[in-house]
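2 protein chains.
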Amino acid sequence: MRWMSEVRARVDARLAQYLSDKHASAAQLGEDAAVLVDAVRGLTMRGGKRLRPAVIVATYDAVRGDDAPDDLTPTLDVCAALEVLQTYLLIHDDWMDGDAERRGGPSVHTALAERYGSAHLGAAVAVLAGDLASAYAWELVCGAPFPEGRLGDAITAFRVMQEEVVIGQHLDLLGAADVSLMQHLKTGSYTVRGPLALGALLGGARAEQVSSLNRFGDPLGVAFQLRDDLLGTFGDPRTTGKPAGNDLRAGKRTALVAAAERLLSPGERAPLDAVLGRADANAADVEAATRLLETSGIRADVETQLAAHRRAAREALAAAPISSRGRERLTDLLVLLTERDH
Amino acid sequence: MRWMSEVRARVDARLAQYLSDKHASAAQLGEDAAVLVDAVRGLTMRGGKRLRPAVIVATYDAVRGDDAPDDLTPTLDVCAALEVLQTYLLIHDDWMDGDAERRGGPSVHTALAERYGSAHLGAAVAVLAGDLASAYAWELVCGAPFPEGRLGDAITAFRVMQEEVVIGQHLDLLGAADVSLMQHLKTGSYTVRGPLALGALLGGARAEQVSSLNRFGDPLGVAFQLRDDLLGTFGDPRTTGKPAGNDLRAGKRTALVAAAERLLSPGERAPLDAVLGRADANAADVEAATRLLETSGIRADVETQLAAHRRAAREALAAAPISSRGRERLTDLLVLLTERDH
Chain A
1 MRWMSEVRAR
11 VDARLAQYLS
21 DKHASAAQLG
31 EDAAVLVDAV
41 RGLTMRGGKR
51 LRPAVIVATY
61 DAVRGDDAPD
71 DLTPTLDVCA
81 ALEVLQTYLL
91 IHDDWMDGDA
101 ERRGGPSVHT
111 ALAERYGSAH
121 LGAAVAVLAG
131 DLASAYAWEL
141 VCGAPFPEGR
151 LGDAITAFRV
161 MQEEVVIGQH
171 LDLLGAADVS
181 LMQHLKTGSY
191 TVRGPLALGA
201 LLGGARAEQV
211 SSLNRFGDPL
221 GVAFQLRDDL
231 LGTFGDPRTT
241 GKPAGNDLRA
251 GKRTALVAAA
261 ERLLSPGERA
271 PLDAVLGRAD
281 ANAADVEAAT
291 RLLETSGIRA
301 DVETQLAAHR
311 RAAREALAAA
321 PISSRGRERL
331 TDLLVLLTER
341 DH
Chain B
1001 MRWMSEVRAR
1011 VDARLAQYLS
1021 DKHASAAQLG
1031 EDAAVLVDAV
1041 RGLTMRGGKR
1051 LRPAVIVATY
1061 DAVRGDDAPD
1071 DLTPTLDVCA
1081 ALEVLQTYLL
1091 IHDDWMDGDA
1101 ERRGGPSVHT
1111 ALAERYGSAH
1121 LGAAVAVLAG
1131 DLASAYAWEL
1141 VCGAPFPEGR
1151 LGDAITAFRV
1161 MQEEVVIGQH
1171 LDLLGAADVS
1181 LMQHLKTGSY
1191 TVRGPLALGA
1201 LLGGARAEQV
1211 SSLNRFGDPL
1221 GVAFQLRDDL
1231 LGTFGDPRTT
1241 GKPAGNDLRA
1251 GKRTALVAAA
1261 ERLLSPGERA
1271 PLDAVLGRAD
1281 ANAADVEAAT
1291 RLLETSGIRA
1301 DVETQLAAHR
1311 RAAREALAAA
1321 PISSRGRERL
1331 TDLLVLLTER
1341 DH
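Going down the list, the protein sequences come from chains A and B. The working numbering applies: residue 1 is where the first sequence begins, and numbers increase by one. The working numbering applies: residue 1001 is where the second sequence begins, and numbers increase by one.
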């Protein structure tokens, strides 16, 4: 999809320029000062899909009408902000969750622990790199070229999104019983609902557009997360870039785990419980747990939920009072977010 | 000083109201969701002096002229932002530095590790609480009731301050050779230079006011930090609230350590090196190191540096083209920041 490649190229260019300016000014304070910027830049530029910016751009387009110019330039800083925000969240989360890899390379705390020869120092400096990325994200949002009122609304949406993500990550760390609420807050917020709100507000959406976009975004966010959960357990390691059984070994509370708790007896669940949260579970046991989720109908149950949410999102999109170009692009995203294989 | 008590009371009230609103909305998501807000609120409201808000208010006053109304109301949100920013920085730093106590109670990561029965979970949730406080600080600054241009400048100052603090903390963690640069970035930025810049920008300072306030703030920031270093080693535990020899045991790179490296031979420094960074150093050894810093003239050297910076700040203040009420208040702060005993 050509429009998405353009979003990616423009956002990449803006990020490269912004982070290179940051690097230059930190480097004036000495080599150590630039380490943090390097960490932020390294992870940000290693990321590829720029899905969240695409959501912003498509929504911005959707609410403005077909005669509006097809120009994403005004949204670029907010798009870049979302990517830098994600860098911040990934750096902090990877340390919290003990994930050693990210985007085909070592996670930031892992690389820094190696650099400084200390796990604690690596973690501490990674948290600082995340803190710096967070300040960058705010700078980019606050400096976006929109009139005061619209920008103020966007800033509010940006802040709500962050509050939700942080609370969602907390619930995730605690192994929250309510997996849907946790996922709604942790992932749905800044992947789908937040970028949709930002694009709509920056584009000057009318109230009826906002409410129909919410009817689209809420189920889309859930479908995205269900897809993510399915990939985390059944995905092909060669396309996902994560080891097989990653979510199971990490003990992640996914929709699959929630469905297994709901639908299987403790006895039936035994092969699953044997690997859940066991970082050292062997391949055969992981395989057995994965097979159980398949044969017991748990996978099918989650696939059915996903299909229902995807359908709801599609229907809401069809009915939304938005531009046809915007509708096409949001449809592209609906497909990409819910049918992706990595 | 009555004006400072008023600042404290007004800022306390604003913080109490803001954080209670945050608590109420998080509590709607369940008890776990409110834990983070509790952590932020607990530490914020336990803090007392509200020195940074006082710097903002005095500077805001100073640049507006004597006929301007003596009303701090417009600055309240930015004042509250600084306090919440400090909460965020303290939470993250205390975990990084392994400090178990803060403001007369357990540090946030310590309390949370206890709550969850896990050091890692305590640290992770503390980092999240800090992340949340950071988002709050931005919300408060971005929502402050000032015209777009002034507020934009204040937001820039707020962001620069954070970048400096984060880079300064990184240099501190690495045990940076250049102690002055580290302190300039880590503490000077958000204690003195940042709040001064915020007050000046919000008050609509003229260029000549900004430059003379910088000539005041730069040496004041250094003097404040030197006082902090002296208190961290020679302060009375009953007034500082920190155990004797705290900085020495923590291996903190202070102006005292830097002066000892500059002025003493390795042999002379032996009693100091024996406790520096040794959390388990006994009281007699800490006492010997402290005595060495006294008898070898290191303490006197740092006191002399402090006096010189205090004098420079005082002279810059006397010459600054500002209101007399502002000058009086900034003088109060100069005394408080550089002659305090806790």
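Note that CB positions come from ideal geometry on N, CA and C, so glycine has one too. A quick note: this is a predicted structure, and the numbers were derived from the prediction, not measured.
Compute the beta-carbon to beta-carbon distance between residue i and residue j, rounded to the nearest angstrom, for a pair I have assumed lies under 8 Å.
i, j, result
"Leu1151(B)", "Leu1171(B)", "The pair is not a contact, with the Cβ atoms about 31 Å apart (cut-off 8 Å)."
"Val1192(B)", "Gly1168(B)", "With a Cβ gap of about 13 Å, Val1192(B) and Gly1168(B) do not count as contacting."
"Ile1056(B)", "Leu1201(B)", "About 10 Å; that fails the 8 Å criterion."
"Gly204(A)", "Val63(A)", "7 Å"
"Leu1082(B)", "Arg1052(B)", "4 Å"
"Leu1076(B)", "Arg1008(B)", "Not quite, the Cβ-Cβ distance comes to about 12 Å (not below 8 Å), so this is no contact."
"Gly1232(B)", "Lys1252(B)", "7 Å"
Anyone know if the C-beta pair for residue i and residue j falls short of 9 Å?
i, j, result
"Leu1140(B)", "Val1037(B)", "no"
"Leu19(A)", "Tyr190(A)", "no"
"Arg215(A)", "Thr338(A)", "no"
"Leu230(A)", "Ala320(A)", "no"
"Arg327(A)", "Ala318(A)", "yes"
"Val1010(B)", "Cys1079(B)", "The identity of residue 1010(B) in the sequence shown is Arg, whereas the question assumes Val. Contact: yes."
"Val222(A)", "Arg249(A)", "no"
"Leu1121(B)", "Leu173(A)", "yes"
"Ala283(A)", "Ala244(A)", "yes"
"Tyr346(A)", "Ser134(A)", "Residue numbering for chain A in the displayed model covers 1 to 342; residue 346(A) lies beyond these limits and cannot be assessed."
"Met4(A)", "Leu336(A)", "yes"
"Gly1104(B)", "Arg1046(B)", "yes"
"Ala58(A)", "Arg329(A)", "yes"
"Arg1127(B)", "Val286(A)", "Just to set this straight, residue 1127(B) is Val in the shown sequence, not Arg. For Val1127(B) and Val286(A), no; Cβs fall outside 9 Å."
What does the alpha-carbon distance come out to for the pair residue i and residue j?
i, j, result
"Met182(A)", "Leu43(A)", "25 Å"
"Arg206(A)", "Leu256(A)", "38 Å"
"Ala26(A)", "Val125(A)", "15 Å"
"Arg1238(B)", "Ala1288(B)", "20 Å"
"Glu1315(B)", "Gln1305(B)", "16 Å"
"Ser1296(B)", "Ala1270(B)", "12 Å"
"Leu1264(B)", "Leu1292(B)", "10 Å"
"Ala1258(B)", "Val1179(B)", "7 Å"
"Gly1149(B)", "Arg1102(B)", "38 Å"
"Ala260(A)", "Pro219(A)", "22 Å"
"Asp1066(B)", "Tyr1060(B)", "11 Å"
"Ala123(A)", "Lys1022(B)", "29 Å"
"Gln343(A)", "Ile155(A)", "Lying before the first or after the last residue shown, residue 343(A) is absent from chain A, which here runs from 1 to 342."
"Val1210(B)", "Leu1196(B)", "9 Å"
"Ser323(A)", "Gln1162(B)", "41 Å"
"Thr1187(B)", "Val1165(B)", "7 Å"
"Asp301(A)", "Ala308(A)", "11 Å"
"Ala1033(B)", "Thr1240(B)", "34 Å"
Starting from residue i, find everything on chain A with Cβ-Cβ shorter than 7 Å and list it in chain order.
i, result
"Arg1159(B)", "Ala135, Trp138 and Glu139"
"Cys1142(B)", "Cys142 and Ile155"
"Glu1031(B)", "The premise fails here: Glu1031(B) is roughly 10 Å from chain A at the closest Cβ pair, so nothing lies under 7 Å."
"Ala1026(B)", "Ile167"
What in chain B is Cβ-close to residue i, meaning under 7 Å?
i, result
"His92(A)", "Val1127 and Asp1131"
"Glu163(A)", "Leu1132 and Ala1135"
"Leu375(A)", "Lying before the first or after the last residue shown, residue 375(A) is absent from chain A, which here runs from 1 to 342."
List the residues of chain B whose Cβ lies closer than 8 Å to the Cβ of residue i, in chain order.
i, result
"Ala176(A)", "Asp1032"
"Ala124(A)", "Trp1095, Met1096 and Leu1173"
"His170(A)", "Asp1032, Ala1033, Val1035, Leu1036, Val1125 and Leu1128"
Run through chain A and tell me which residues come within less than 8 Å of residue i, C-beta to C-beta.
i, result
"Glu1148(B)", "Glu148"
"Leu1181(B)", "Leu29 and Gly30"
Residue range of the alpha helix (DSSP H) that residue i falls in?
i, result
"Gln162(A)", "Glu148 to Leu173"
"Ile1322(B)", "Note, Ile1322(B): premise wrong, no alpha helix (DSSP H); not H, not E."
"Ser25(A)", "Arg2 to Ala27"
"Tyr1136(B)", "Ala1119 to Cys1142"
"His1184(B)", "His1184(B) -> no alpha helix (DSSP H), and no H or E assigned at all."
"Leu264(A)", "Run containing Leu264(A): none; DSSP gives neither H nor E here."
"Leu1272(B)", "Ala1270 to Asp1273"
"Gly98(A)", "Unbroken run through Gly98(A): none, as it is neither H nor E."
"Gly1297(B)", "Where Gly1297(B) is concerned, there is no enclosing alpha helix (DSSP H), given that its DSSP letter is neither H nor E."
"His109(A)", "Val108 to Tyr116"
"Asp229(A)", "Ala207 to Phe234"
"Ala1033(B)", "Glu1031 to Arg1046"
"Asp1247(B)", "Asn1246 to Ala1250"
Using a Cβ cut-off of 9 Å (strictly closer), state whether residue i contacts chain E.
i, result
"Glu164(A)", "Structure shown: chain E not included; protein chains present are A and B."
Does the ligand FAD have a heavy atom nearer than 8 Å to the CB of residue i?
i, result
"Thr295(A)", "In terms of ligand content, the structure shown is empty, and the ligand FAD therefore cannot be addressed."
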